[in-house]
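Working notes, beginning with the structure itself.
Protein chains in written order, with the working numbering: chain S, 1 to 415; chain E, 1 to 446.
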């Protein structure tokens, strides 16, 4: 019997993608040579690294990036001061044309950034002429060295609308406006982009941050010859922020635009989470900086198997499935309560649960020093679940609802 | 010496630690090592603090990190065993001590280190082995003037003259000796004490207390072949020659030859591996009991097997065979079987009558244990010793029958581990301080 290949294709802003997995506009989409290899590896599309006019030369700070590690775990975050493309406009346009000729079924979304209204128009036209399938308007780079560009635009909502209108005026290609997370409510700039004629929204660009400071030289990283900066922070550590913004926009009935999600995606699970809160496509850079293009194989296989297991025929059926479950916290039913419950047969006796329950929880555990086992006073458990986060045995500690009649003990008062 | 962890390896291994409440590893060390604390400090990037925790507790922290049979001590209790395998505590400990040197951190030359007020008392430490060194460090940290008397050219005792260099590097030892010197400990090497009562005489001179940690340096012998020809070594002579680089004699005895090592302990394993490295064609480890009863550590036994050493178990050596010109040509053996439990709790080997045979070897190394030298009690006639010339000392304090004289390590315990000797040295130092407090209740500060 032949394999029944799961169809992962999606329609995003009227454009058909082989699968929802895209390279985001970044060093991983810097040239046709690189992107061709990514397409061969399985990526469905690319946000081609941001094009700029040749009027202002782009110089990259050196070094460009800094890896943020956690213990022996590498790159839980990545700090970068990478700029837009530093290649000439013409070589990039030729690369786009080559890619479209060579990979007609793969989607090339040209990312552009003008430093004036006219440049937005010129770059849009040039990209369309080169054969780009769609355009991504970069309103969001948090660390542009050119004044009045990048996230500075994304934080000035009237400019978002104005530049989108400008581009809308010169091309019929689908337009995706890329948002900065360095604001409070993403719906405001997203709505501005919609008013300007955008067909979709992509988010998030990197989060402005300082990941580390040199202890010898007092310079935030990366240390660019004695100077640091507040610059773009990305990677697994920012996934919760990205999911939040996508959900925020997905739940806005006025916006009602297709979304492309990104921020900390490395696995099919991360990608699926973005789909579930409302993204139709997902974009990846830091995951590729960590592991290379090959990770898409696991995204495709993992998502396909998940869909087969759940009997889901189309990716579109997953999009936004969880958005309806994102509520205001005031809507919670706080009358229902539960506690942590322990499967002590699997306990290894480290006692970390005891430490954190005492120091950060409800002091609901006692410690049997001889047996090296925790003992839960059910009635004192706050169900904060911090014990389960430090337990080295997955699933040993779980949550269990208590009956309605159950009452929690009040916290001990001294004095 | 086996390479230690790199920084990345140490971080990864420490990342496996479960950071236990009441860490069981910290209860598993005779010398009071606290891995639960130093690994936590390392994990929280308090690297200097981790080093301080190790070194303030045990001046030979690096030595123990390399040589300790951690698998049956701190690591045995590790909660990570419940996940997969124990955290390699010994390796992390060694890494931290090596890292201290790399970053130039000395916990005893640091504002956090409370330099003790110098005291009037002086203590003589006899023997610069593990127990003596740890006792000296502990006393120096209490402001006591310490002089270590060592009969050999360099301090270290068994660490320098016993353990082969492929297991323990003497440069590594040198760094820890430097730490002792930085605490103000004075070393008098090449200073053997020989005269009757000479140890006790030190008490009457400038020293208010004496610690004896002279170890066991006289080989037990199997064959009374006083008129023997070439080819038979004691483990002490064999290893010391290898250690000092003067390998001529053992090398000649091993190169291209068949060698029998008699014994089943760690020293026998060391000898077997040395013989192999010196080019022996075949090395037989001859042991009268079976594999399970061997006192050598499990990992040592496995490594020796992996290096191609033949374990000849359940055979009792009964004689040396010499051919023409008294050349050694074989080891006479009798096969044994295990009988009931003996005094040591291990099953006793029982010779099987009529099973004598000859193992064709050209060299025999006896590694069946060491004992206190024959004349050793004469150095301290006032101190009670056992029939085996071991010093009788109180387990928790090292107090001997003679007030002011303390003892520890192998000369008290018989053959034991480095970390037990360290524990003895520390305990004796505490007892010495208590002894001084009794004598000068108002404190002995100068």
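Glycine included, every Cβ here is placed at the ideal spot set by N, Cα and C.
A straight line joining the alpha-carbon of residue 275(E) with that of residue 250(E) spans about 8 Å. Residue 425(E) is positioned such that its CB atom lies no closer than 8 Å to that of residue 26(E). Within a 10 Å sphere around the beta-carbon of residue 205(E) sit fewer than 16 other beta-carbons, which makes this residue exposed.
With contacts defined by Cβ atoms closer than 8 Å, residue 22(S) and residue 42(S) do not form a contacting pair.
For residue 208(S), no alpha helix (DSSP H) encloses it; the enclosing beta strand (DSSP E) starts and ends at 207-209. The beta carbon of residue 354(S) falls within 8 Å of a beta carbon belonging to chain E, placing the residue at that interface.
Residue 77(S): member of the beta strand (DSSP E) spanning 73-80, first to last residue. For the C-beta of residue 386(S), not a single chain E residue is nearer than 8 Å; the gap to the nearest is close to 14 Å.
Under the three-pair Cβ rule at 8 Å, the stretch 294-305 of chain S does not count as touching the stretch 234-248 of chain S. Across the structure, residue 116(E) and residue 141(E) are spaced so that their CA atoms are roughly 6 Å apart. When secondary structure is reduced to three states using DSSP, residue 385(S) falls in the coil class, being assigned neither helix nor strand. In this structure, the CA atom of residue 108(E) is about 28 Å from the CA atom of residue 438(E).
For residue 373(S), there is no enclosing alpha helix (DSSP H); the enclosing beta strand (DSSP E) has its first and last residue at 373-376.
Taking 8 Å as the cut-off, the beta carbon of residue 255(S) is found closer than this to the beta carbon of residue 187(S). Within the stretch 366-383 of chain S, contact with chain E at the beta-carbon level (separation under 8 Å) is assigned to 367, 369, 372. Assignment of residue 16(S) by DSSP, reduced to helix, strand and coil, places it in the strand class.
A direct Cα-Cα distance of roughly 16 Å separates residue 333(S) from residue 384(S). With contacts defined by Cβ atoms closer than 8 Å, residue 180(E) and residue 168(E) do not form a contacting pair. Using a Cβ distance threshold of 8 Å, residue 132(S) and residue 108(S) count as a contacting pair. Assignment of residue 233(E) by DSSP, reduced to helix, strand and coil, places it in the strand class. None of the residues of the stretch 208-224 of chain S has a beta carbon lying less than 8 Å from any beta carbon of chain E. When rounded, the separation of the alpha-carbon atoms in residue 260(S) and residue 198(S) is 13 Å.
Residue 6(E) sits exposed, since fewer than 16 C-beta atoms from the chains shown fall within 10 Å of its C-beta. The three-state reading of DSSP puts residue 202(S) in strand, counting E and B together.
Within chain S, the residues 71 have their CB atoms less than 9 Å from the CB of residue 43(E), given in chain order. Per DSSP, residue 260(E) is one residue of the beta strand (DSSP E) stretching across 258-262. In terms of beta-carbon proximity, residue 395(S) stays away from the interface with chain E, with every pair separated by 8 Å or more. Against chain E, the beta carbon of residue 392(S) has neighbours under 7 Å at 18, 83, listed in chain order. The stretch 368-377 of chain S makes contact with the stretch 339-348 of chain S: 3 or more CB pairs, one atom from each, lie closer than 8 Å. Taking the C-beta atoms as reference points, residue 10(S) is found nearer than 8 Å to residue 316(S). In the structure shown, residue 7(S) falls within a coil segment according to DSSP collapsed to helix, strand and coil.
Of the other Cβ atoms in all chains shown, fewer than 16 fall within 10 Å of the Cβ of residue 357(E); this residue is therefore exposed.
Runs of the alpha helix (DSSP H) spanning 4 or more residues and lying entirely within the stretch 130-213 of chain S occur at 151-154, 157-168, 187-196, in chain order. For residue 91(S), the uninterrupted alpha helix (DSSP H) run begins and ends at 89-102, by DSSP. Between residue 409(E) and residue 129(E) the beta-carbon gap is near 6 Å, inside 8 Å, which marks them as a contact. Within a 10 Å sphere around the beta-carbon of residue 406(S) sit fewer than 16 other beta-carbons, which makes this residue exposed.
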